[in-house]
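S.K.: Sending over a structure as structure tokens; questions will come in a sec.
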Amino acid sequence: MERKLAGAHLTINLGALKKNYGLLRDKAAPAECAASVKANAYGLGIERVGPALYAAGCRRFFVALPGEGITLRELLPDAKIHILAGLLPDTEETYLEHRLDPVLNSLHDIRQWAAFAKNRGPLHALLHLDTGMTRLGLLESEIRELAATPELLDHLEIDFVMSHLSCGDVPSDPMNREQLERLQFFRSILPQKLQDTPVSFANSAGIFLGPDYHFDMVRPGIALFGGNPQADAPNPMQEVVQLRGRILQVQDVDSEFPVGYGATFRTEGSSRIATVSVGYADGYFRVLGNKAECAIKSIKVPVVGRVSMDIITIDVSKIPEEGCMPGAFVDLIGGAVPLDEVAAHAETIPYEILTSLGSRYYREYLEDAG
Ligand SMILES: *Cc1c(COP(=O)(O)O)cnc(C)c1O
Numbered sequence: 001m002e003r004k005l006a007g008a009h010l011t012i013n014l015g016a017l018k019k020n021y022g023l024l025r026d027k028a029a030p031a032e033c034a035a036s037v038k039a040n041a042y043g044l045g046i047e048r049v050g051p052a053l054y055a056a057g058c059r060r061f062f063v064a065l066p067g068e069g070i071t072l073r074e075l076l077p078d079a080k081i082h083i084l085a086g087l088l089p090d091t092e093e094t095y096l097e098h099r100l101d102p103v104l105n106s107l108h109d110i111r112q113w114a115a116f117a118k119n120r121g122p123l124h125a126l127l128h129l130d131t132g133m134t135r136l137g138l139l140e141s142e143i144r145e146l147a148a149t150p151e152l153l154d155h156l157e158i159d160f161v162m163s164h165l166s167c168g169d170v171p172s173d174p175m176n177r178e179q180l181e182r183l184q185f186f187r188s189i190l191p192q193k194l195q196d197t198p199v200s201f202a203n204s205a206g207i208f209l210g211p212d213y214h215f216d217m218v219r220p221g222i223a224l225f226g227g228n229p230q231a232d233a234p235n236p237m238q239e240v241v242q243l244r245g246r247i248l249q250v251q252d253v254d255s256e257f258p259v260g261y262g263a264t265f266r267t268e269g270s271s272r273i274a275t276v277s278v279g280y281a282d283g284y285f286r287v288l289g290n291k292a293e294c295a296i297k298s299i300k301v302p303v304v305g306r307v308s309m310d311i312i313t314i315d316v317s318k319i320p321e322e323g324c325m326p327g328a329f330v331d332l333i334g335g336a337v338p339l340d341e342v343a344a345h346a347e348t349i350p351y352e353i354l355t356s357l358g359s360r361y362y363r364e365y366l367e368d369a370g
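Numbering (UniProt numbering), first residue to last: 1 to 370.
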């Protein structure tokens, strides 16, 4: 999309992304630092994010689905690529062809990959233990069954045993320690062959829980993209995403003027209302109406009235007129309006804000200076 034809501009700072990778890698060292880039690199564009992380030194990537893995393989011929969903039916040949290593989440997955490996192996994989999410991974009963049938692993190379934290962003939550202890216990009942296999446990948040949680490899996602890995601490990451919308029109109105669908807002004095070219169809959530703030040259202004499909309305009464002419830009995410704040106003998490970013933006990628 041509720059001047778009209603809003999304800027993705690849230099900041690489700095974030370096910060997380240094914090987790000597553990290896992989990257979680599922869902099109959290909505930011795997075509640019994948190679940028590789250039920053990342050699191991996690995606959710095999389709995502195939896309990434074309971009990064030499990277290790792991599929978090495990194996889907009848996909073994595809995994092998594109060198995608499944995360084996169940005995079902293990049997399927092992049966294929018998003729085509040895084949690589990761083994996922569920230490407290009841979502993906082997529970204790399945681990015991695996320990009783270790020949299932004969043609498999398990490169890492992994698990996933449910409450890592809240360091004081006792679940973190409980999951860590369960992981150690689960390791102790694994088949002999896997007892010394390297371990991966930490996502972004887990890296900040300290070295006990780092093990041999960490797999951050959101912190790479600027999201705060910890719920109640200052955000140590650099800002990667900036979203700016264009002003379409400015209206001067008197007191008691209704704004937007449903007339849910009425001006409280003579006011200036600016219409900005972004809406819920762009991933600017409808719940942000009458709630979120935007900024013009770092001055915060409120979103008033409901969010429409293509439009929001903001009260710019306190902004000098020359600062909000049609065509001018308003900061919607980034700068004075941190991603984490937008997420809080939308009653969600930065992950959902990023993965919902729409397709109508003019997307611009900033390379680092070096
Ligand atoms: C998404 C995901 C990650 C990355 O999590 P962040 O919170 O974004 O750092 C790591 N591990 C697994 C299993 C995941 O699904």
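We treat Cβ as the ideally placed atom computed from N, Cα and C, and that holds for glycine.
Pick helix, strand or coil for PHE116, following the three-state DSSP scheme.
M.R.: Locating residue 116 in the sequence shown gives position 116, counting from the first residue. PHE116 falls in the helix class under three-state DSSP.
S.K.: Can you check whether the CB of ILE273 is closer than 8 Å to the CB of ASP315?
M.R.: Residue numbering aside, residue 315 sits at position 315 when the sequence shown is read from its first letter. Residue numbering aside, residue 273 sits at position 273 when the sequence shown is read from its first letter. Going by C-beta atoms, ASP315 is nearer than 8 Å to ILE273.
S.K.: Can you tell me the Cβ-Cβ gap for GLY269 and GLY358, rounded? I've got them flagged as a contact below 8 Å.
M.R.: Position 269 of the sequence shown, counted from the start, is the residue given in the question as residue 269. Position 358 of the sequence shown, counted from the start, is the residue given in the question as residue 358. Between GLY358 and GLY269 the Cβ distance is about 34 Å, and since that is not below 8 Å, they are no contact.
S.K.: Per DSSP, what kind of secondary structure is THR71 in: helix, strand or coil?
M.R.: Within the sequence shown, the letter at position 71 stands for residue 71. Residue state, collapsed to three classes: helix.
S.K.: Take the Cβ of ILE110 as the centre, count every other Cβ of all protein chains shown within 10 Å, and call the residue buried at 16 or more, exposed below.
M.R.: The sequence position of residue 110 within the sequence shown is 110, counting from 1. So ILE110 counts as buried.
S.K.: Report the three-state DSSP secondary structure of HIS108 (helix, strand or coil).
M.R.: Taking the first residue of the sequence shown as 1, we reach residue 108 at position 108. In the structure shown, HIS108 sits in a helix (DSSP, three-state: H, G or I).
S.K.: Please check the pair LYS18 and ALA52, which I expect to be a contact at CB under 8 Å, by giving their CB distance rounded to whole angstroms.
M.R.: To locate residue 18, count along the sequence shown from 1; it is residue 18. To locate residue 52, count along the sequence shown from 1; it is residue 52. Indeed, because the Cβ distance is near 6 Å, the residues count as touching under 8 Å.
S.K.: Based on Cα-Cα distance, which residue from ALA29, LEU14, PHE285 and ASP26 lies nearest to ALA41?
M.R.: Translated into positions along the sequence shown, residue 41 becomes position 41. For ALA41, the nearest C-alpha among the options comes from LEU14.
S.K.: Hey, quick one: how far does the alpha helix (DSSP H) through LEU17 stretch, first residue to last?
M.R.: If you number the sequence shown from 1, residue 17 lands on position 17. 14-28 is the extent of the alpha helix (DSSP H) around LEU17.
S.K.: Give the single residue among VAL218, GLU97 and MET309 whose Cα lies nearest to the Cα of GLY260.
M.R.: The count along the sequence shown starts at 1 and reaches residue 260 at position 260. Nearest option by C-alpha distance: MET309.
S.K.: Could you tell me which residues DSSP puts in a beta bridge with ASP331?
M.R.: As a working note, residue 331 is residue 331 in the sequence shown. Partner(s): ARG244 and ALA295.
S.K.: If we count the other Cβ atoms within 10 Å of its Cβ and call it buried at 16 or more, is HIS214 buried or exposed?
M.R.: Along the sequence shown, read from residue 1 onward, the residue named residue 214 stands at position 214. Buried.
S.K.: Tell me which same chain residues have a C-beta within less than 6 Å of the C-beta of LYS118, skipping the five on either side of it?
M.R.: Start at 1 with the first residue of the sequence shown, and residue 118 comes out as number 118. Cβ within range, chain order: HIS155.
S.K.: Helix, strand or coil: how does DSSP classify LYS254 here?
M.R.: Here residue 254 refers to the residue found at position 254 of the sequence shown. According to the sequence displayed, residue 254 carries Asp and not Lys. ASP254 falls in the coil class under three-state DSSP.
S.K.: When the Cα atoms are used, what is the spatial distance from residue 385 to ILE207?
M.R.: Look at the range of the chain in this structure, 1 to 370, and you will see that residue 385 is not part of it.
S.K.: Short check: CB of SER36 to CB of ARG219, under 8 Å?
M.R.: If you number the sequence shown from 1, residue 36 lands on position 36. If you number the sequence shown from 1, residue 219 lands on position 219. Yes. Within cutoff.
S.K.: In terms of residue numbering, what span does the beta strand (DSSP E) encompassing GLU157 cover?
M.R.: As a first step, residue 157 must be located in the sequence shown, where it is residue number 157. Looking at the DSSP string, the run of the beta strand (DSSP E) that includes GLU157 is 156-162.
S.K.: Would you grab the beta carbon distance between residue 377 and ALA85 for me? Rounded to a whole angstrom, and I think it's under 8 Å.
M.R.: Outside the displayed span of the chain (1 to 370) sits residue 377, for which this structure offers no information.
S.K.: Does the beta-carbon of LYS38 have 16 or more other beta-carbons within 10 angstroms, so that it is buried, or is it exposed?
M.R.: On the sequence shown, residue 38 is found 38 positions in, with the first residue counted as 1. Under this definition LYS38 is a buried residue.
S.K.: Under a three-way DSSP split, which group does GLY7 fall into?
M.R.: Here residue 7 refers to the residue found at position 7 of the sequence shown. GLY7 falls in the coil class under three-state DSSP.
S.K.: Regarding ALA28 and ligand 1, is the C-beta to nearest heavy atom distance less than 7 Å?
M.R.: By one-based count along the sequence shown, residue 28 stands at place 28. Checking the Cβ of ALA28 against ligand 1 gives no.
S.K.: Closer than 5 Å is what we want: which residues have a beta carbon that near any heavy atom of ligand 1? List them in chain order.
M.R.: The set, ordered by position in the chain, is SER36, HIS164, ASN203, SER204, ARG219, PRO220, GLY221 and ILE222.
S.K.: Does the region 338-356 come into contact with the region 278-295, if we say contact requires no fewer than three beta-carbon pairs (one atom in each stretch) closer than 8 Å?
M.R.: Yes: at least three Cβ pairs fall under 8 Å.
S.K.: Run the CB neighbour count on ARG3, radius 10 Å, all protein chains shown included, and call it buried at 16 or more, exposed below.
M.R.: To locate residue 3, count along the sequence shown from 1; it is residue 3. Flag for ARG3 reads exposed.
S.K.: Check PRO102 in the structure and name its three-state DSSP category.
M.R.: On the sequence shown, residue 102 is found 102 positions in, with the first residue counted as 1. Three-state result, PRO102: strand.
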